[in-house]
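Undergrad:
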Ligand SMILES: C[S@@+](CC[C@H](N)C(=O)[O-])C[C@H]1O[C@@H](n2cnc3c(N)ncnc32)[C@H](O)[C@@H]1O
């Protein structure tokens, strides 16, 4: 059951052996380069006559190599929607690509350095299985709800953890309920949402589950106000480590962790784990963004390296924030410009750095595992233009792995389904 989720082994999820089709184009490119250089070296070691032939031959080979690269490179396909200047910049001709990761990816520290049991191979295997399932989803257009990346993450984790009960807070039209159901066909679900998903059926596709207890519509109760011992007793749950909670309700995540802790839950997934300076609620990513974490803590100096990198990246990624957006009055960069947002940004209160720091220490003190779902594929494959890859873990299918992207069936999906990634996170809370 959920007990087997984590191990104290450390995995670098991208450190596994690479598939044989890895960088198919890279291999081809390498092959062409070798052939060209062998050919040239044979010519240039000859006589003067050979030299002039060599110059002609070099131009010819360069032309051949250049055109074959342009027409066979997956990069050519992925950048077609950019203008030529952006295209050159995207592929690093002005050094931008070398900025990938330069901003760093902060994370919450767990107490004993535990991490999840699954590896990148498990994720790739999961993708292979999930793509055909996703294609049968009842709600094809889930704008304002989860896209492909997070649907996969939720399905994968629910399947791996095999909970005895799944609770979701924030159902909207029911897409995430459907995802949970695909992962665990016979496990009961409890869904909390102010508006019942059946209401959306009048206007179009929605999903209502037959084995789900809805606290929705007139029966709605907020997660923090549910009488959990009573509800769990009704569902015959005695071991709380068998329960998986999924939050997609845009509430302050610190508040949700405290409520879950109070009830004794241990396995939590947060859909929208917004980066510092973005989003409509205080998130784990924001909380753990601290100067003592790699990629954490920020400089509000206008002539800093960070300011320069951010302003360049903002031109390419819609969700990237530059230093002006990141920093509020008195150089407050934490949360969103020094504010703690809650409830879809209906509440927005200033928070001191001292408090923000305390929040992170609190989270670290109760955390066994913090794992951010990586994006399913790199931006040159998915064509996503929203999240900045410099602030996300390395994708499951890395840029350049065009063959794998195709083989997994990901190329068949509409590009728009890859635009909703916001660092979904899995937390395991220590047993109190
Ligand atoms: C982004 S949508 C959820 C999307 C859904 N999980 C999906 O993937 O399709 C957020 C939902 O949270 C609901 N919501 C708002 N306040 C809430 C609360 N306090 N508790 C639970 N849900 C809430 C909204 O009504 C909305 O349906």
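Residue numbers (this note's numbering): 15 to 446.
We treat Cβ as the ideally placed atom computed from N, Cα and C, and that holds for glycine.
All values derive from a computational prediction rather than experimental measurement.
1) Identify whether residue 393 lies in helix, strand or coil by the three-state DSSP scheme.
2) Just tell me which of 303, 425 and 196 has its CA closest to the CA of residue 352.
3) Under a three-way DSSP split, which group does residue 437 fall into?
4) Is residue 308 buried or exposed, if buried means 16 or more other CB atoms sit within 10 Å of its CB?
5) Grab me the residues of residue 91's own chain with a C-beta within less than 7 Å of its C-beta, minus the 5 sequence neighbours each way, in chain order.
6) Provide the residue span of the beta strand (DSSP E) that contains residue 356, from first to last.
7) What do you reckon, are the CB atoms on residue 348 and residue 370 nearer than 9 Å?
8) Which ranges would you report for the beta strand (DSSP E) in the stretch 128-215 if only whole runs of at least 3 residues count?
9) Quick one: grab the DSSP three-state call for residue 320.
10) Quick check: what's the CA-CA separation for residue 238 versus residue 244?
11) Pick helix, strand or coil for residue 100, following the three-state DSSP scheme.
12) Determine the burial state of residue 185: buried for a count of at least 16 other Cβ atoms within 10 Å of its Cβ, exposed for fewer.
13) Which residues in the same chain have their Cβ closer than 6 Å to the Cβ of residue 359, if we skip the five residues on either side of it in sequence?
14) I want to check one thing, is the minimum distance from the CB of residue 162 to the heavy atoms of ligand 1 below 8 Å?
15) Kindly identify the DSSP beta-bridge partner or partners of residue 330.
16) Have a look at residue 305 and residue 330 and give me their C-alpha separation to the nearest angstrom.
17) May I ask whether a heavy atom of ligand 1 can be found less than 8 Å away from the beta carbon of residue 189?
18) From the DSSP output, read off the bridge partner residues of residue 364.
19) I need the straight-line Cα distance from residue 75 to residue 415, nearest angstrom please.
20) Please name the residue in 178, 397 and 153 whose C-alpha comes closest to that of residue 430.
21) Taking 8 Å as the cut-off, is the CB of residue 258 close to at least one heavy atom of ligand 1?
22) With burial defined as no fewer than 16 other Cβ atoms inside 10 Å of the residue's Cβ, what is the status of residue 141: buried or exposed?
23) Hey, is the stretch 201-218 in contact with the stretch 229-236, meaning 3+ C-beta pairs nearer than 8 Å?
24) Within the 9 Å Cβ cut-off, does residue 175 reach chain B?
25) Pairs of beta-carbons, one from the stretch 389-407 and one from the stretch 426-440, closer than 8 Å: are there three or more?
26) In angstroms with no decimal places, state the Cα-to-Cα distance between residue 287 and residue 216.
27) Out of 375, 221, 323 and 427, point me to the one whose CA is closest to residue 403's CA.
28) For residue 381, does the three-state DSSP call read helix, strand or coil?
29) Mind checking whether residue 267 and residue 221 have CB atoms under 9 Å apart?
30) Given 8 Å as the limit, tell me if residue 147 has its C-beta closer than that to any heavy atom belonging to ligand 1.
31) If contacts are defined as beta-carbon pairs under 8 Å, then residue 156 and residue 189 qualify, I think. What distance do you get, rounded to the angstrom?
32) Among the residues of its own chain, which have a CB less than 6 Å from the CB of residue 14, if the five just before and after it don't count?
33) Pick helix, strand or coil for residue 312, following the three-state DSSP scheme.
34) Do residue 298 and residue 125 have their C-beta atoms closer together than 9 Å?
35) Considering only heavy atoms of ligand 1, does any lie closer than 8 Å to the CB of residue 158?
36) Under three-state DSSP, which class holds residue 442?
TA: The answer reads as follows:
1) In the structure shown, residue 393 adopts helical secondary structure according to DSSP, grouped into three states.
2) For residue 352, the closest alpha carbon among the candidates 303, 425 and 196 is that of 303.
3) Here residue 437 sits in coil by DSSP.
4) Residue 308 is exposed by the Cβ-count criterion.
5) Any reading at residue 91 needs caution, since the residue's pLDDT is 24, under 50, leaving its predicted position unreliable; the model's value is listed next. For residue 91, where only same-chain residues beyond five positions count, there are no Cβ hits under 7 Å.
6) Following the DSSP letters along the chain, one finds residue 356 inside the beta strand (DSSP E) bounded by residues 353-356.
7) Closer than 9 Å, so yes.
8) Fully contained in the stretch 128-215 are the following beta strand (DSSP E) runs of length 3 or more, in chain order: 179-183 and 203-207.
9) For residue 320, the secondary structure class from DSSP, reduced to helix, strand or coil, is helix.
10) Taking the straight line joining both Cα atoms gives about 14 Å.
11) Unreliable placement is indicated for residue 100, whose pLDDT of 44 sits below 50; the coordinate value is still reported in the next sentence. If DSSP states are grouped into helix, strand and coil, residue 100 belongs with the helices.
12) With 16 or more other Cβ atoms from the protein chains shown falling within 10 Å of its own Cβ, residue 185 counts as buried.
13) Only residues of its own chain outside the window of five on either side were considered, and among them 294 have a CB closer than 6 Å to the CB of residue 359, listed in chain order.
14) Not so, every heavy atom of ligand 1 lies at least 8 Å from the Cβ.
15) In the DSSP assignment, no residue is bridged to residue 330.
16) Distance between the alpha carbons of residue 305 and residue 330 is about 26 Å.
17) Yes, the Cβ of residue 189 comes within 8 Å of a heavy atom of ligand 1.
18) Answer is 353.
19) Residue placement at residue 75 is flagged as unreliable, the pLDDT there being 40, under the threshold of 50; the coordinate-derived value follows with that caveat. One Cα belongs to residue 75, the other to residue 415, and the distance between them is close to 26 Å.
20) Distances from the CA of residue 430 to each of 178, 397 and 153 were compared; the closest alpha carbon is that of 397.
21) Ligand 1 never approaches residue 258 closely enough for any of its heavy atoms to be under 8 Å from the residue's Cβ.
22) It counts as buried.
23) Segments in contact, yes.
24) This model lacks chain B altogether; it includes just one protein chain.
25) The stretch 389-407 makes contact with the stretch 426-440; the number of CB pairs closer than 8 Å reaches 3 or more.
26) CA-CA distance, residue 287 to residue 216, rounds to 31 Å.
27) Of 375, 221, 323 and 427, the residue nearest in Cα terms is 323.
28) Here residue 381 sits in strand by DSSP.
29) No, the Cβ-Cβ distance between residue 267 and residue 221 is not below 9 Å.
30) In terms of side-chain proximity, the C-beta atom of residue 147 is found no nearer than 8 Å to any non-hydrogen atom of ligand 1.
31) Right, the Cβ-Cβ distance comes to about 5 Å (below 8 Å), so this counts as a contact.
32) With the chain running from 15 to 446 in the structure shown, residue 14 is simply not present.
33) Look at residue 312 here: in three-state DSSP terms it is coil, with no helix or strand label.
34) Going by C-beta atoms, residue 298 is not nearer than 9 Å to residue 125.
35) Yes - ligand 1 has a heavy atom lying nearer than 8 Å to the Cβ of residue 158.
36) Collapsing the DSSP output to three states places residue 442 in a strand.
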